[in-house]
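Below is one structure, written out as structure tokens; comments come after it.
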Amino acid sequence: MSRDPFGTEALRESVLAAWRGSPTRFREDANAEEDLRLGGYRDRLLVELAQNAADAAGPTPGTLRLSVVDGELRAANTGHPLTVEGVAALASLRASAKSADTVGQFGVGFAAVLAVTDAPRVVSTSGGVLFSASRTRQAVPELAEARGGDVPVLRLVWPTDEADLPEGFDTEVRLPLKVDAAPLLAEFADQVPDLLLALPGLRRIEVGDQVWERTEDEGVVVLHGPAGAQRWRVRRVGGELPAHLVQGVEARPHWNVCWAWPMDEPLQGDVLHAPTPTDEKMSLPARLIASLPVEPSRRRVLVGAAAEYVLDQAARAYPDLVLELPAIDRTSLVPLPGFPLSEVDGLLRERVLSALRKASWLPLASGEWTAPENAKVLDAPSEPLVELLEDVVPGLLDAELTLPEHAKALAALEVPRMSVAEVVEALAGIGGDPGWWHEVYDALTPLADVDSTAREEMGSLPVPLADGRLVSSPRGVYVLPADMSFDVSGLRIVHPEAAHPLLLRLGALEAGPGELLDSDALREAVKHSLDDPALDGPDLVKTVLSLVARAGGRPWLGELALPDADGDWRRADELALPDSPLLSVLESDAPIGVLDADLAAEWPREVWTGVGVIDGFTVVDDTSPTEPDHDLADEGYWWDGADEPPTRVLGIRDLDLVARDKWPAALRLMAADPVAWRAVTEPDGYTGWWLARYATLEGCPLNAWRLPDAEGLDGLYDVVPDVDVPPHVLAAAGVRTALTVLDEDDVTDLLTRLGDPERKLADALVLRVHAALAEVADSVSVEPPDRVRVLTGEAVAADDVVVLDLPWLLGVLPGNQVLAAEGHAEALAELLALPLASEEVVGEIETAGDEVVWAELGAVRLACDLLGVELPTSPVIVHDELGVAFEGESHEVSWWVEDGVPHAADTPEGLARALAWATNRWSDRHTFAALIADPTPSVLLG
């Protein structure tokens with residue numbers, strides 16, 4: 023008989039008595055074990071074997087060896103041997119022999135062995151026990167039969183005399199396998215690393231010929247195995263549960279928490295360990311191994327006050343784990359946003375994030391530490407910018423944390439990100455030397471290169487000025503070249519040490535000489551330079567002249583205050599250079615002073631003219647004029663006289679200041695100056711207009727003279743005196759070269775000249791003048807003349823003169839009562855306020871004639887044929903002699919028209935005029951006359 027050191031017989035009798043006394047108890051035990059075998063512990067064999075081995079190890083971590091011997095799975099461990107209490111726990115579904123300091127040795131979890139065997143044995147140095155389904159059926163055949171042979175295996179325990187333990191081991195669980203051993207060992211091999219990490223009571227696990235060992239040094243656990251080493255950073259805390267929470271936690275007043283972070287690769291698909299794996303899926307970057315209350319199956323946490331207390335403690339310990347990592351790696355431990363994978367995961371993540379937000383573990387740019395709730399991070403990766411802002415922005419995190427890989431973690435911690443706009447706002451009003459600001463601009467440049475929104479936000483960046491001020495925007499400030507230095511009151515110039523290309527992109531102006539000249543501040547200074555020239559004048563003059571020497575002049579610089587020869591200050595455009603040739607042609611009282619000679623000698627001539635000082639004639643050039651406001655003499659008259667408002671004003675100033683006897687010299691000066699000459703020759707320009715009317719030679723306007731070779735104007739205009747001015751200059755200035763009528767002044771002048779009896783005019787010139795006047799008659803309004811030039815060439819009183827409008831009326835009118843403008847009679851009559859001849863003459867034909875058709879007149883027919891003119895179909899009345907009565911007198915005429923019917927004397931002249939009128943070819947009347955007299959080709963062609 024086997025010895026029975028653990029009192030198994032008494033245990034069996036107690037169970038059998040209970041079963042025999044209450045078959046229901048048998049069924050309950052059978053059902054409970056079946057639930058454990060098929061449910062809670064069906065796949066936790068190694069977990070429970072390792073848990074029991076760890077519990078047996080005591081204070082010194084032990085070893086677990088797993089092997090297959092003769093078809094049995096054997097699990098040998100070191101540590102405390104089997105005890106009476108342990109055997110009692112094995113044989114009870116409701117009891118556990120775990121002490122307050124252990125996770126459990128041979129408790130309810132031993133039911134996991136039923137997944138692979140129905141005859142487990144436990145052999146220890148203190149003795150051995152066995153369980154057997156077959157022996158249980160033999161002990162209670164009636165009860166077993168009632169359940170179809172399904173009996174509880176772990177309720178009846180028997181002693182065994184086996185003692186052949188592996189050397190160095192204290193206990194061995196022996197499980198005759200009902201399953202294939204190879205897959206089982208392979209499954210064990212996969213679980214070993216996690217179990218070694220979770221169970222500090224084990225230092226070594228062997229599975230077949232594979233070995234895993236666990237070492238720990240300064241918070242780093244290293245798991246050495248066949249595939250290499252795995253490193254875990256761990257943080258452990260523990261304590262006693264509050265008294266009100268002890269109930270329901272297996273009478274264990276102690277709690278333990280271990281956080282483990284894989285140092286080699288991130289966790290994937292992790293679960294909560296309590297301390298062995300549960301089914302609670304977790305999403306945290308570190309594994310939690312904690313003594314949490316769990317269901318009997320050890321698969322789910324019993325959520326309640328005790329569990330939440332332990333989770334709170336775990337969350338509080340989490341920042342300590344984070345602090346063990348290098349600063350740059352710490353954000354990898356921050357739980358990222360996402361749906362919780364389990365109820366426990368949600369509870370723990372919320373607590374962990376809350377603890378992380380309050381703990382000081384993030385590195386500041388200053389090298390100190392801060393909590394996320396007090397931190398800010400720059401919303402762009404820029405180490406230089408962070409370094410520059412560390413003393414400006416409280417709580418600014420280290421530059422490394424601006425990198426994209428940290429963004430999600432910092433967002434989960436609710437760390438606000440500083441946009442460029444917030445950086446700019448933080449910089450408002452900050453001091454700092456100009457060199458520091460240059461570094462700020464340099465650090466911001468990469469952001470401006472890639473982000474248009476950032477560039478816009480930088481528009482409010484402070485800028486230090488050369489005068490010590492700090493302005494709130496780059497817009498409108500000037501960046502000087504390194505070799506320039508100017509000081510103008512109100513001019514916003516960037517301090518040389520702060521000057522940076524970024525400022526130009528943000529609205530600053532690259533302040534070359536031209537930009538400085540065009541600045542509002544300089545313009546304002548020039549505008550008010552006459553207010554107190556003795557105070558600021560010399561410095562301002564020097565500054566302006568220096569800029570003009572580099573960038574050229576500007577029209578508005580004429581307002582610059584300059585000293586004259588008498589020591590008084592005057593506008594630049596009211597002063598002339600001491601040696602200016604213009605001074606020699608001006609009136610003695612012209613309001614133009616002379617620039618101080620000593621000052622004039624200090625700068626080149628072009629610099630002085632650039633600020634408006636007069637050297638020669640000053641030319642105004644406005645390509646977009648809106649009104650006559652250019653300070654040009656009589657400009658308003660020129661403007662009003664134009665058909666359309668001028669689109670350009672190019673004019674010479676101060677023409678009215680030229681002495682009347684100096685115009686030849688003045689014209690020569692204009693011709694010698696290309697700029698002035700362009701103004702003189704500008705088509706329809708102001709200068710030519712003014713010179714023609716107001717410039718004089720021998721007391722007469724230039725347009726009252728003609729050039730010597732303008733012979734077509736002989737008698738109408740006098741030849742210009744010889745004034746030693748080239749003809750083309752005189753012509754450009756208004757001296758006549760041809761007959762032109764431009765405005766009312768020209769009309770009035772021509773009418774006066776035509777009515778001057780002293781002037782001897784060629785008849786052809788008179789006709790041309792009358793035609794020219796008629797063309798502009800509708801566009802002018804002048805006083806009608808008292809005297810007019812008639813067909814006889816005389817200048818007579820206009821009282822009895824008519825304007826010829828019907829040519830046949832000339833046959834009864836005297837030449838000294840008629841003036842004509844071929845084709846423009848009505849307009850000319852309107853201009854001169856004279857009647858038309860047809861309004862004054864009513865003649866009556868006195869002689870009889872014969873009505874014939876034109877084709878019957880042989881000479882007429884031949885003439886039309888030669889000219890290619892179609893013969894009129896209307897009749898003509900031919901008279902041997904044609905007489906017309908007018909005002910009581912008879913007049914013999916060559917042709918006449920009465921009631922629309924032409925009458926003609928039977929002469930070539932009479933027939934030709936009637937024919938030209940009838941065919942509407944009046945200009946061919948003389949050709950008709952010649953051909954009717956001799957209708958031959960030789961006359962036509964000769």
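Terminal number for the sequence shown in my numbering: 964, no gaps in between.
C-beta atoms are modelled at their ideal positions from N, C-alpha and C, and glycine is treated no differently.
Quantities reported herein were computed from a predicted structural model and do not represent experimental measurements.
Cβ-Cβ separation, Val874 to Val898 (assumed contact under 8 Å), whole Å: 6 Å
On the criterion of 16 or more Cβ atoms from any shown chain inside 10 Å, does Arg675 qualify as buried, or is it exposed? buried
Three or more C-beta pairs closer than 8 Å, one from the region 37–57 and one from the region 164–182: is that the case here? yes
Coarse secondary structure for Thr124, derived from DSSP in three states: Bear in mind that a pLDDT of 38 at Thr124, under 50, signals an unreliable position, so the model cannot answer this.
Give the secondary structure of Leu278 by DSSP, where H, G and I count as helix, E and B as strand, and everything else as coil. In the sequence as displayed, the identity of residue 278 is Asn instead of Leu. Strand.
To which residues of the same chain is Leu345 closer than 7 Å at the C-beta, ignoring the five residues directly before and after it? Cβ neighbours of Leu345 within its own chain (closer than 7 Å, five residues either side excluded): Trp383.
Let's test the definition: count the other Cβ atoms within 10 Å of the Cβ of Val812 and tell me whether it reaches 16, buried, or not, exposed. buried
Measure the Cβ-Cβ separation of Leu219 and Arg309 and say whether it is below 9 Å. yes
Is Glu228 helix, strand or coil when you go by DSSP? The answer is strand: DSSP assigns Glu228 an E or B state.
Could you check whether Leu531 and Leu608 sit closer than 9 Å to each other, using their CB atoms as the reference points? Against a cut-off of 9 Å, the Cβ pair of Leu531 and Leu608 comes out as no contact.
Between which two residues does the alpha helix (DSSP H) holding Gly980 run? Here the chain comprises residues numbered 23 to 964, so residue 980 is not present and cannot be evaluated.
Going residue by residue through the region 570–612, where are the continuous beta strand (DSSP E) segments of at least 3 residues, counting only ones entirely within it? With a minimum length of 3 residues, the continuous beta strand (DSSP E) runs that stay inside the region 570–612 are 583–585, 591–593.
Neighbourhood of Arg545 by C-beta, 7 Å cutoff - its chain only, sequence neighbours within 5 removed: If we look at Arg545 and ignore the five residues flanking it on each side, its Cβ neighbours are Trp578.
Suppose contacts are defined by Cβ-Cβ distances below 9 Å. Is Leu677 in contact with Phe639 by that definition? yes
Could you tell me which whole alpha helix (DSSP H) segments of length 4 or greater appear in the region 873–916? 880–889
Output the distance between the C-alpha atoms of Leu539 and Lys564, rounded to the nearest integer angstrom. 13 Å
Using the C-alpha atoms, what's the distance from Asp212 back to Val173? Note on geometry: alpha-carbon atoms of Val173 and Asp212 lie some 32 Å from one another.
Residues bridged to Gln252 (per DSSP): Leu245
On a Cα-Cα basis, can you pick out the residue from Val201, Thr46, Pro103, Ala934 that is closest to Leu889? Ala934
Distance cutoff 9 Å, beta carbons only. Does Gly536 sit that close to anything in chain C? Absent from the structure is chain C; it holds one protein chain and no more.
Note down the Cα distance separating Asp620 from Arg682, rounded to an integer number of angstroms. 32 Å
Please confirm if the region 545–562 is in contact with the region 571–587, defined as three or more CB-CB distances below 8 Å between the two stretches. Short answer: they touch.
When the Cα atoms are used, what is the spatial distance from Phe361 to Asp455? Cα to Cα, Phe361 sits roughly 50 Å from Asp455.
Between Ala612 and the rest of its own chain, which residues show a CB-CB distance below 6 Å, the 5 nearest in sequence each way excluded? Leu679
Quick one: grab the DSSP three-state call for Arg809. strand
Proximal residues to Val798 (C-beta, below 7 Å), its chain only, five neighbours per side dropped: Val763, Val769
Just how far apart, CA to CA, sit Trp41 and Phe153? 17 Å
What is the residue span of the alpha helix (DSSP H) that Phe950 lies within? 947–955
In the DSSP output, which residue or residues are listed as bridge partners for Arg309? Ala282
Thinking C-alpha only, which one of Ala208, Leu363, Gln252 is nearest Gln232? Ala208
Compute the distance between the beta-carbons of Leu418 and Leu432, then report whether it is under 9 Å. no
Tell me where the alpha helix (DSSP H) around Pro299 begins and ends. Segment 299–303 is the beta strand (DSSP E) holding Pro299; no alpha helix (DSSP H) there.
Quick check on DSSP: helix, strand or coil for Asp99? The question names Asp, but residue 99 is Asn in the sequence shown. Strand at Asn99.
Assign Asn53 to buried or exposed, taking buried as 16 or more other Cβ atoms, counted over all protein chains shown, within 10 Å of its Cβ. exposed
In angstroms, rounded to a whole number, what distance separates the CA positions of Tyr576 and Asp662? Sequence inspection shows Arg at residue 576; the Tyr mentioned does not correspond to that position. Approximately 28 Å, taken between the alpha carbons.
Distance between Gly932 and His925 (C-alpha atoms, nearest Å): Going by the C-alpha atoms only, they are around 8 Å apart.
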